[in-house]
Amino acid sequence: MYNVKTLAALVVVAVAASSVSLAEAYSEFSAYTNIRQDVAYQMVDNAIAAFEMDMNTAFADIQNPDNALYNDVELYVFVLDSDGTIVAHGASPDLVGTDTHDLTDGRGANVGDLFDAHLSAEGAWIEYYWPNPATETDEPERKLAWTRVYQGYVFSVGIYPEYTDATQVYLDDASSQQRRLAQAMVEQALQAIIADKYGAFAAIQDRNNPLYHDGELYVFVNDIDGEIVAHGITPDILGQNANNLVDRHGTNIGELYNKHGSPYGAWVQYYWGNPATETDETERKLTWFVQSAGYTIGVGIYPDSPGAPRSPIISEYDRERQEVAWNMVMDAVDALGMDMHRTMQAIQDPEDTLYHDEEIYLTVLDQDGVIMAHGVSPDLVGVDAHDITDMQGTNLGELFDANRSPYGKWVEYYWPNPITDTDEPEFKMLLLVPAGNYLVAAGIYPHMLEP
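So in the numbering used here, spot 439 of the sequence shown is number 431, and the numbers just go up one at a time.
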């Protein structure tokens, strides 16, 4: 999967070239493209870390098409020096030595000038058109390149927003929360395997361990040869080889992993039994997996299952508010670990801007569901959430109990919005994150008009 064909074209077509804000482009991106953005960030960081250790080795590795850290399907690293000359290029090593100021498009846009105008140590997205190494043509495609300056060199990795995932996996019909949980579980399993692989394998096969099991989500692990060494739901297939497993459509599971394997992770699709159902019928399964530390580690979701969650349609403004809520909760989790009493007081202080932002505020519950702190209704302190129902009859305590996860989960119900002039309940999305024996929550009200 790591072979990338050499680009023949030496001319960049720079159309509407600009420094692009990720938020500006978010709404047009597919779930696949959003994932590739994260890979671009990581790939640039890895290249810089390698450069710090040994510049020449890093540049050689960047130009090795079999090095998965710097070449992943359509993504690759390229590096410029302070003058704009290409010193390493993961897809076109024949470009090394070329001054980007000598590259222009048919409209006269200068590529070197384009990068010069937007370089930043913090990083910037730069838009231009460039051939995609994963396609069969040399036709330039729109490219967004994540670019950082470090010690006089420019490190960059670009994504192609219009590119169709080579695995042909359609992710947009799957719950964004399920996708996030799958990725978080894989990362947790990877770190556990690195620390203590046998302890990790045992924990993965413990069905009561919430780090590796969530509803129909579970972790499985294959070794470098494809042998199944841990399986969260079917331990009797331990020792079998994934290269001998074929789904009902004839897809060889092991070959699928080998073809699309990446240390940054990839989604693949095949058909497999759903542990949440009562039948042996197989369903479409979308599996997020990472190949690292000598293992293939994966978690799959079943988007077509009748009980599969669906992501609500929300605006870009709602996504921004979700990020505010997430950061607020994580700040509170950290603060509770340092000084619980003072943090509880701050959460209930309406003047404390760390824990209050327009409609977003915090709630803290104990392990029994009793409210210990509430950012806008302190009279609810001491009330058991199991005694509260929303306008549609949803019991909040039961809702929270069913969605406790070490990775945090969003739940939906109806609740009054504190910044409106009415007590009428509105649709609310609430983030729940555990903090020791407590549950910390903050929510948004989707479709609320942006101020």
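Ideal Cβ positions, reconstructed from N, Cα and C, are used throughout, including at glycine.
Every value quoted in this text rests on a predicted model; they were computed, and no experiment measured them.
* Asked: Helix, strand or coil: which one does DSSP assign to PRO123?
  -> Walking along the sequence shown from the start, residue 123 turns up at place 131. Strand at PRO123.
* Asked: What residue from HIS110, ALA41, PHE147, GLY115 has the CA that sits closest to THR77's CA?
  -> Position 85 of the sequence shown, counted from the first residue, corresponds to residue 77. The candidate whose alpha carbon is nearest that of THR77 is PHE147.
* Same chain only: Cβ atoms within 6 Å of VAL213, ignoring 5 sequence neighbours per side -> Sequence index remark: in the sequence shown, residue 213 carries index 221 (1-based). Hits under 6 Å: VAL221, ALA222, TYR287, ILE289.
* Asked: When DSSP builds the beta bridges, which residues end up paired with MET332?
  -> As a position in the sequence shown, residue 332 is number 340, starting the count at 1. Beta-bridge pairing links MET332 to no other residue.
* **Contact check, LEU95 vs GLY104, beta carbons under 8 Å** => Reading the sequence shown from its first residue, position 103 is the one you call residue 95. Reading the sequence shown from its first residue, position 112 is the one you call residue 104. Yes, the pair counts as a contact, with Cβ atoms nearer than the cut-off.
* Go ahead and label PRO342 buried or exposed: buried means 16 or more other beta carbons lie within 10 angstroms of its beta carbon, across all protein chains shown. => Numbered from its first residue, the sequence shown carries residue 342 at position 350. Exposed: under 16 other Cβ atoms inside 10 Å.
* Asked: Where are the beta strand (DSSP E) runs, 3 residues long or more, that stay fully inside the region 212 to 300, in chain order?
  -> 220 to 223, 258 to 265, 274 to 284, 287 to 293
* Okay, do the region 392 to 409 and the region 172 to 186 touch, 3+ Cβ pairs below 8 Å being the bar? -> yes
* Throw me the rounded Cβ distance for the ARG240 and GLN261 pair, which I believe falls under 8 Å. => Sequence index remark: in the sequence shown, residue 240 carries index 248 (1-based). Sequence index remark: in the sequence shown, residue 261 carries index 269 (1-based). Incorrect: roughly 13 Å between the Cβ atoms, too far for contact.
* To do: Find out if the Cβ-Cβ distance for the pair ILE185, ALA60 is shorter than 8 Å.
  => Here residue 185 corresponds to residue number 193 of the sequence shown, with the count starting at 1. Here residue 60 corresponds to residue number 68 of the sequence shown, with the count starting at 1. No.
* Entirely enclosed alpha helix (DSSP H) segments - the region 150 to 214, minimum 4 residues -> 168 to 196
* Asked: So VAL69 and VAL149 are in contact, right, with Cβ under 8 Å, and what is the actual spacing, rounded?
  -> Start at 1 with the first residue of the sequence shown, and residue 69 comes out as number 77. Start at 1 with the first residue of the sequence shown, and residue 149 comes out as number 157. Yes, VAL69 and VAL149 are in contact; Cβ-Cβ is about 5 Å, under 8 Å.
* Look at GLY385 and GLY361 and say whether their C-beta atoms are less than 8 Å apart. => Along the sequence shown, read from residue 1 onward, the residue named residue 385 stands at position 393. Along the sequence shown, read from residue 1 onward, the residue named residue 361 stands at position 369. No, Cβ-Cβ distance for GLY385 and GLY361 is not below 8 Å.
* Asked: Got a sec, what are the start and stop residues for the beta strand (DSSP E) ASP140 sits in?
  -> Sequence index remark: in the sequence shown, residue 140 carries index 148 (1-based). Just to set this straight, residue 140 is Arg in the shown sequence, not Asp. It spans 132 to 142 - the beta strand (DSSP E) in which ARG140 sits, taken as one unbroken run.
* To do: Assign GLU308 to one of three DSSP states: helix, strand, or coil.
  => Here residue 308 refers to the residue found at position 316 when the sequence shown is read from its first residue. GLU308 falls in the helix class under three-state DSSP.
* 7 Å Cβ shell around ALA377 - same chain, five flanking residues per side excluded -> As a working note, residue 377 is residue 385 in the sequence shown. Once the five neighbours on either side are set aside, the close Cβ partners of ALA377 are LEU357, GLY361, ILE363, LEU388, GLY389, PHE392.
* **Own chain, CB closer than 8 Å to GLY82, minus 5 neighbours either side, in chain order** => By 1-based counting over the sequence shown, the position of residue 82 is 90. Answer for GLY82: VAL(-4), ILE54, GLN55, PRO57, TYR62, ASN63, TYR68, VAL69, PHE70, listed in chain order.
* Would you mind giving the Cβ-Cβ distance between ALA137 and TRP117, rounded to the nearest angstrom? I have them listed as a contact below 8 Å. => In the sequence shown, residue 137 corresponds to position 145, counting from 1. In the sequence shown, residue 117 corresponds to position 125, counting from 1. That pair is a contact at about 7 Å.
* Asked: Are the region 290 to 302 and the region 320 to 328 touching, with three or more C-beta to C-beta distances below 8 Å?
  -> no
* **Alpha carbon of GLN340 to alpha carbon of ALA365, nearest angstrom** => Position 348 of the sequence shown, counted from the first residue, corresponds to residue 340. Position 373 of the sequence shown, counted from the first residue, corresponds to residue 365. Looking at the two C-alpha atoms, the distance is approximately 6 Å.
* Express the C-alpha separation of PRO227 and ASP198 in angstroms, rounding to a whole number. => Residue numbering aside, residue 198 sits at position 206 when the sequence shown is read from its first letter. Residue numbering aside, residue 227 sits at position 235 when the sequence shown is read from its first letter. When rounded, the distance between both Cα atoms is 10 Å.
* Asked: Is it true that the CB of ASN26 sits closer than 8 Å to the CB of GLU66?
  -> Sequence index remark: in the sequence shown, residue 66 carries index 74 (1-based). Sequence index remark: in the sequence shown, residue 26 carries index 34 (1-based). No.
* Asked: DSSP beta-bridge partners for ASN48?
  -> The count along the sequence shown starts at 1 and reaches residue 48 at position 56. Paired residue(s): none; ASN48 is not in a bridge.
* Spatial neighbours of ASP73 in its chain, beta-carbon cut-off 8 Å, leaving aside the 5 residues before and after -> Stepping through the sequence shown from its first residue, residue 73 is reached at position 81. Excluding positions up to five away in sequence, the list reads VAL79, GLY144, TYR145, VAL146.
* Is the beta carbon of LEU111 sitting closer than 8 Å to the one on THR156? -> Indexing the sequence shown from 1 puts residue 111 at position 119. Indexing the sequence shown from 1 puts residue 156 at position 164. Against a cut-off of 8 Å, the Cβ pair of THR156 and LEU111 comes out as no contact.
* To do: Along the beta strand (DSSP E) that carries LEU354, what are the first and last residues, could you check?
  => Your numbering for residue 354 matches position 362 in the sequence shown. Counting along the chain, the beta strand (DSSP E) containing LEU354 begins and ends at 352 to 358.
* **CB of LEU354 within 8 Å of CB of TYR430, strictly** => Locating residue 354 in the sequence shown gives position 362, counting from the first residue. Locating residue 430 in the sequence shown gives position 438, counting from the first residue. Not a contact, by the Cβ cut-off of 8 Å.
* Counting only runs of 4+ residues fully inside the region 372 to 405, write out the alpha helix (DSSP H) ranges in chain order. => 388 to 394
* Asked: For LEU106, does the three-state DSSP call read helix, strand or coil?
  -> For this step, residue 106 is matched to residue 114 along the sequence shown. Helix at LEU106.
* Cα-Cα, which of ASP349, MET383, THR412, ASP415 is closest to ALA434? -> As a working note, residue 434 is residue 442 in the sequence shown. Residue ASP349 is the option with its Cα nearest to ALA434.
* Taking only the alpha-carbon atoms, compute the straight-line gap between MET47 and VAL31 and give it to the nearest angstrom. => Numbered from its first residue, the sequence shown carries residue 47 at position 55. Numbered from its first residue, the sequence shown carries residue 31 at position 39. The straight-line gap from Cα to Cα measures roughly 22 Å.
* To do: Helix, strand or coil for ASP349, going by three-state DSSP, please let me know.
  => The residue you call residue 349 lines up with position 357 of the sequence shown. Looking at ASP349 - three-state DSSP - the assignment turns out to be strand.
* Asked: Of the choices ASP296, GLN183, ASN236, LEU423, whose alpha-carbon is the least far from that of ALA166?
  -> What you label residue 166 is simply residue 174 of the sequence shown in a count that begins at 1. Closest by alpha carbon: ASP296.
* Which partner residues does LEU87 have in the DSSP bridge list? -> For the purposes of this step, residue 87 is identified with residue 95 of the sequence shown, where counting begins at 1. Per DSSP, none; premise fails for LEU87.
* **CA-to-CA distance, GLY246 to ILE216, given in whole angstroms** => On the sequence shown, position 224 is the one that residue 216 refers to. On the sequence shown, position 254 is the one that residue 246 refers to. Each residue's alpha carbon lies about 10 Å from the other.
* List the DSSP bridge partners of VAL65. => One-based indexing of the sequence shown puts residue 65 at position 73. According to DSSP, VAL65 bridges with nothing at all.
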